[in-house]
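Going from the sequence shown to the working numbering is simple: count from 1 and add 4.
C-beta atoms are modelled at their ideal positions from N, C-alpha and C, and glycine is treated no differently.
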Amino acid sequence: MEAEFILSAVHPEQFPLESSARPEVAFLGRSNVGKSSLLNALVGRGKLAFVSQKPGCTQAINFYRIGEFYQFVDLPGYGYARVPKEITREWKELIEQYLLHRTALQLSVLLLDSRHGWMEKDLELKQWLEFHQRPYVVVATKTDKLKTQSERHRGMEAIRKEMNGSELLPFSAVSGRGVREIWQAISRIKNSQ
Ligand code: GDP
5 MEAEFILSAV HPEQFPLESS ARPEVAFLGR SNVGKSSLLN ALVGRGKLAF VSQKPGCTQA
65 INFYRIGEFY QFVDLPGYGY ARVPKEITRE WKELIEQYLL HRTALQLSVL LLDSRHGWME
125 KDLELKQWLE FHQRPYVVVA TKTDKLKTQS ERHRGMEAIR KEMNGSELLP FSAVSGRGVR
185 EIWQAISRIK NSQ
């Protein structure tokens with residue numbers, strides 16, 4: 005899959021022009037949840053390497069053109085304890101501006117670490133997406149770290165308990181498990197247009 009970096013925005017005025025011909029998929033999650041690893045796995049061994057945004061540094065929204073049809077939007081990670089309140093506020097504002105007003109946004113992918121499940125900030129975000137009627141799927145990352153079948157089952161059930169009907173997709177960057185299912189969820193937006 006061809007992937008091309010478009011730009012990095014720290015203010016809404018810097019967001020690229022949107023087009024309904026290129027629906028956007030936004031990726032959201034706590035810092036270190038495995039977001040860059042997921043993006044790399046989805047795009048495959050292209051020329052582009054997604055790198056984690058370091059907590060505490062300037063928080064930016066990165067836009068990428070993916071293949072012929074999509075735009076991926078990498079939103080800065082949240083929930084990092086050492087980030088000062090000031091930056092958290094800026095983060096919220098930037099992200100809310102994007103999530104509230106972006107017409108091209110067709111799907112949000114909310115990432116959770118399968119070992120930790122929902123944490124407070126994840127739940128806040130989920131409620132926010134539901135309140136604003138933004139469709140989302142949940143990806144449970146790092147499932148290879150759950151060693152037994154029953155651990156995996158318990159982990160998925162704990163996540164599912166907080167979900168009302170949206171899709172839960174297990175993923176591991178180590179084994180590649182879930183890549184196909186996540187692409188299927190993404191391609192549904194194009195088919196439903
Ligand atoms: P980001 O901060 O959300 O972009 O997270 P990264 O993709 O940089 O991953 C954070 C850390 O988790 C890195 O050390 C990765 O190697 C590790 N990691 C990410 N995905 C997986 C996974 O599926 N399995 C395992 N075992 N480790 C992972």
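Could you tell me if residue i is buried or exposed, where buried requires 16 or more neighbouring beta carbons within 10 angstroms of its beta carbon?
i, result
"L104", "exposed"
"F31", "buried"
"A25", "exposed"
"P88", "exposed"
"A144", "buried"
"F67", "buried"
"F54", "buried"
"Q137", "exposed"
Based on DSSP bridge pairs, tell me the residues matched to residue i.
i, result
"Q75", "E28 and R69"
"V141", "V113"
"Y82", "R34"
"F9", "Y68"
"L2", "Nothing in the structure corresponds to residue 2, since the chain is present only between 5 and 197."
Are the beta-carbon atoms of residue i and residue j separated by less than 8 Å?
i, j, result
"K151", "S176", "no"
"W132", "L46", "no"
"L111", "V141", "yes"
Figure out for me which residue from the options has the closest Cα to the Cα of residue i.
i, options, result
"L79", "A64, I70, R69 and Y68", "A64"
"Y102", "L43, E166 and Q18", "Q18"
"K149", "D117, R164 and V29", "D117"
"R49", "H120, I70 and R158", "I70"
"A13", "S23, E6 and V77", "V77"
"G33", "S23, H120, D126 and L172", "D126"
"E166", "E128, S191, E22 and S196", "E128"
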